[in-house]
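Participant: Please find one structure pasted underneath; my questions will follow.
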Ligand code: SF4
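Numbering (the numbering used here), first residue to last: 19 to 194.
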């Protein structure tokens, strides 16, 4: 898979000490994006999933894996494999995407479904400069949501990660 960079000791991309993988390639072109160098899908560096697994195997203090970008859903199959390896080691998995959760479901793509199935918290939606605010906690603009994916999948509606009880919208989960 192609990546832009990694951080082995992040404390800003989710709770606790995390390995963050910035995937390469993003189609969203959000004005004000902080990582424009990640947009070109042909840019960055080619690495194997196994090489990335080593990042959290080397440090037993790491509590989670965060997939950021770029947009991890451009390489969803590879990211799902990496997330699966993280889960097998007891880590939590957070995934950032410029797509909205409902878009990911509506696409009915097997690779997107595989990554959602291995994601604990999805930070969704594009970065919107007009809704930018400091101190939001793990997100850059107010429109983005921290979605508890396992609870949302079970409930068939969006459940936010912070208190696990707010339903933002209702939707039907498409058959896959
Ligand atoms: S989704 Fe993220 S990486 Fe992609 S353009 Fe928007 S802010 Fe930048």
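In this text, a Cβ means the ideal position worked out from N, Cα and C, and glycines have one as well.
Given the structure is predicted, the values throughout are model-derived calculations rather than measurements.
1) For residue 84 versus residue 32, is the C-beta distance shorter than 8 Å?
2) Going by C-alpha to C-alpha distance, which of 50, 89, 138 sits closest to residue 117?
3) Per DSSP, residue 84 is paired with what?
4) Pull up the CB-CB distance for residue 41 and residue 87, whole angstroms please, since I reckon it's below 8 Å.
5) Using a Cβ-Cβ cutoff of less than 7 Å, which residues in the same chain neighbour residue 179 once the five nearest sequence positions on both sides are dropped?
6) Helix, strand or coil: how does DSSP classify residue 136 here?
7) Please name the residue, chosen from 58, 141, 95, 156, that lies closest to residue 34 on a Cα-to-Cα basis.
8) Is residue 87 close to the ligand SF4? I mean its beta-carbon at under 7 Å from any heavy atom of the ligand.
9) What does a CB cutoff of less than 7 Å around residue 73 pick up in its chain, not counting 5 residues either side in sequence?
10) Count the other C-beta atoms from every protein chain shown that fall within 10 angstroms of the C-beta of residue 21, then say buried if there are 16 or more, exposed otherwise.
11) With the cut-off set at 8 Å, would you say residue 124 and residue 98 are in Cβ contact?
12) Across which residues does DSSP place residue 78 in a beta bridge pair?
13) Taking only three categories from DSSP, how would you classify residue 65?
14) Pull up the distance between the alpha-carbon of residue 47 and that of residue 126, whole angstroms please.
15) Suppose you measure from the CA of residue 103 to the CA of residue 52; what does that come to, to the nearest Å?
16) Sorted by chain position, which residues of the same chain lie with C-beta nearer than 8 Å to residue 141's C-beta, five sequence neighbours on each side aside?
Facilitator: Walking through what the data contain:
1) Yes, Cβ-Cβ distance for residue 84 and residue 32 is below 8 Å.
2) Comparing Cα positions, the closest option is 89.
3) The bridge partners DSSP lists for residue 84 are 38, 112.
4) So it is a contact: roughly 4 Å between Cβ atoms.
5) These residues qualify, in order along the chain: 139, 164, 165, 166.
6) DSSP places residue 136 in coil when its eight states are reduced to three.
7) Ranked by Cα distance from residue 34, the first of 58, 141, 95, 156 is 156.
8) Yes, the beta carbon of residue 87 sits closer than 7 Å to at least one heavy atom of the ligand SF4.
9) Excluding positions up to five away in sequence, the list reads 24, 26, 37.
10) Under the 10 Å beta carbon count, residue 21 is surrounded by 16 or more other beta carbons and is classified as buried.
11) Contact flag unset, no.
12) For residue 78, which the question treats as bridged, DSSP gives no partner whatsoever.
13) Coil.
14) Residue 47 and residue 126 have their C-alpha atoms spaced approximately 23 Å apart.
15) In a straight line, the C-alpha of residue 103 is about 28 Å away from that of residue 52.
16) 112, 113, 114, 115, 156, 157, 162, 163, 164, 165, listed in sequence order.
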